[in-house]
Each structure stands twice: as C-alpha cells, then as structure tokens.
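Take the position in the first sequence, starting the count at 1, then add 16; the result is the number in our numbering. Shown next, in structure tokens, is the structure this report addresses.
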Amino acid sequence: MSESRFIKKVYQLLLTQHGHQSWWPANSKFEVMVGAILTQNTAWTNVEKAIHNLISAGMLDAHSIAKAKQEKVATLIKPSGYFNVKTKRLQKFCEWFVIRGGHKRLRYWSTKKLREELLEVYGVGYETADDILLYAFLRPIFVIDAYTRRIFSRLGYIEGNVPYDVVRLDFESKLSTNAKLYAEYHALIVQHGKHVCKPKPNCDACSLNSICKFN
DNA sequence: ACCCAGGGTCATA
DNA sequence: TATGACCATGGG
C-alpha cells in the first residue's frame, strides 16, 4: 500500500484500539503552553503536580510568572524536574508571550511567523513549539516526539536519525491538512507509546501487528 | 538499584 | 552536521 494509506491505516487502528483521546489535558490555552514546556523529557504525572502548585499559588498566568522571583517559580515547579532550567524557560517564554500581547494578539499571526518566533524563545525547541501551535493555537502542525519515532521505527516506516522537520513534513504531506486530525493522531500515538509500544514492547497487545513490516 | 518519562541547550570537532 | 554532557523529579 502507499505510504499515505499506511499512515492513515495506522491512525484507524490506533483509534479502534484506544478510542477518542480528547487532548490536550488542560483548562486553558495558557495551561497548554506551560505544560508543553514542563513536560520536556518528564513524566506527565510530575507536570500535573507542578501545574497544580502554580494554580494554588494563583500564578498560572504569564504576567505573574514573568515578574516573579526565580526562586519562587523554581519552588512551585520543582516536581516537574530540571526546575532551574525550566524556570528560566518558563520565564523567557512568558516574557515573550506578554510582549506579543498574549493569545488575543498571537491568534492572528500566520502559522509560519508564529513558529519562527516560538523557536527563537529560549527553551522552546521543535516539539514544544509544535505542541503549542497544535494544541493552543489549533494550527495544522503534526507533532513529532520520541513515541512517534519509536512506534514508526518499529513498524519499519522511518529510520532513527531523520531530522525533525523532515519527519514532520512527511507526515503532513500524507494526511489532509487538518488540525483536529493531527491533534487526535498525536494523542493516540502517546497513548500507544505509554501503554503498548514501550521500551520493552508489548507486541501481543498491539493492534498494529497486521501492518508491521517486520511480521 | 536501575530504568524511564509527552526535550533543549551548549561546547566541541 | 552531529555527537555528548548536562539538567532533576518521581513512579515502576
């Protein structure tokens, strides 16, 4: 089958196995952005604790985080790990977010310009930028993460060291340009990566066996 | 005790 | 361009 059909088939199989995911788990656009930074190489359960601390302190907004003392933010986000570097990343991001007028203004920017500026913010790399673009700004950008690489490497679809944007553009070229589709697809990939396609794979419980090139 | 988690930056070659 | 060190908590 064509690569386009293959990518779409994987989506259908994952949706059948795991069901609708309704991502990103957050109560606001800004909470999505904070979560995207705090979850870098970190378990989501730890991020939830950090976000809860920010909410309890009444600090889950860009102004509060940007002008707070470094020590204050670091204490609150400690459970999410790397708290010193992540404090700097969060504050740099919030400074940029405030200067640009917040979501109210940024929502009118082109996806291209928004992505370029996000990537210039300290601590925001490709995946974090794309999480924000897709789940906070609803832009049709396909997120590539470690789970995506692991799952599609094991299926025999991609090699290990292909650059981020090469993989992203490949997926985008083989699906309709649809933010809702990308959002659901990435959520399904994470769900599958967490519970089935783990470092030690659980291939008996994998619905993708029928299309795996190594079977 | 060890491995892993919804990455990114920086120095080095 | 491409490696490697570094960042740090918490669950299994």
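For glycine and all other residues, C-beta sits at the position ideal for the given N, C-alpha and C.
Give every residue of the same chain whose Cβ lies closer than 7 Å to the Cβ of residue i, excluding the five residues on either side of it in the sequence, and list them in chain order.
| i | result |
| --- | --- |
| Asn194 | Pro156 |
Measuring only the C-alpha atoms, how far is residue i from residue j?
| i | j | result |
| --- | --- | --- |
| Lys120 | Phe153 | 11 Å |
| Ser72 | Gly51 | 16 Å |
| Ser18 | Leu204 | 22 Å |
| Leu29 | Asp220 | 15 Å |
| Glu111 | Gly117 | 10 Å |
| Gly209 | Arg165 | 10 Å |
| Trp60 | Ser126 | 30 Å |
| Thr32 | Phe168 | 18 Å |
Residue i: which of the options sits nearest, CA to CA?
| i | options | result |
| --- | --- | --- |
| Val114 | Asn100, Gly97, Ile81, Lys94 | Ile81 |
| Glu70 | Thr61, Val89, Lys85, His79 | Per the sequence presented here, residue 70 reads as Leu, with Glu not at that position. Nearest C-alpha to Leu70: Val89. |
| Leu122 | Tyr163, Thr61, Leu149 | Leu149 |
| Lys108 | Ser96, Glu47, His79 | His79 |
| Ile43 | Leu76, Glu132, Lys85 | The sequence given here has Asn at residue 43, not Ile. Comparing Cα-Cα distances from Asn43 to each of Leu76, Glu132, Lys85, the minimum goes to Leu76. |
Short of 8 Å in beta carbon distance, which residues of its chain neighbour residue i, apart from the five on each side in sequence? Order them along the chain.
| i | result |
| --- | --- |
| Asn231 | Asn225 |
| His36 | Glu200 |
| Arg170 | Cys213, Pro217, Cys228, Phe230 |
Where does the unbroken alpha helix (DSSP H) through residue i begin, and where does it stop?
| i | result |
| --- | --- |
| Gln28 | 19–34 |
| Trp112 | 99–115 |
Given the structure, does residue i come close to the ligand MN, in the sense that its CB is under 7 Å from one of the ligand's heavy atoms?
| i | result |
| --- | --- |
| Leu185 | Here there are no bound small molecules, and the ligand MN is not part of this structure. |
If you drop the 5 nearest sequence neighbours on each side, which residues of the same chain put their C-beta closer than 6 Å to that of residue i?
| i | result |
| --- | --- |
| Arg184 | Phe158, Ile160 |
| Cys222 | Val212 |
Kindly confirm or deny that the stretch 49–58 and the stretch 136–150 touch, where touching means at least three C-beta pairs closer than 8 Å. yes
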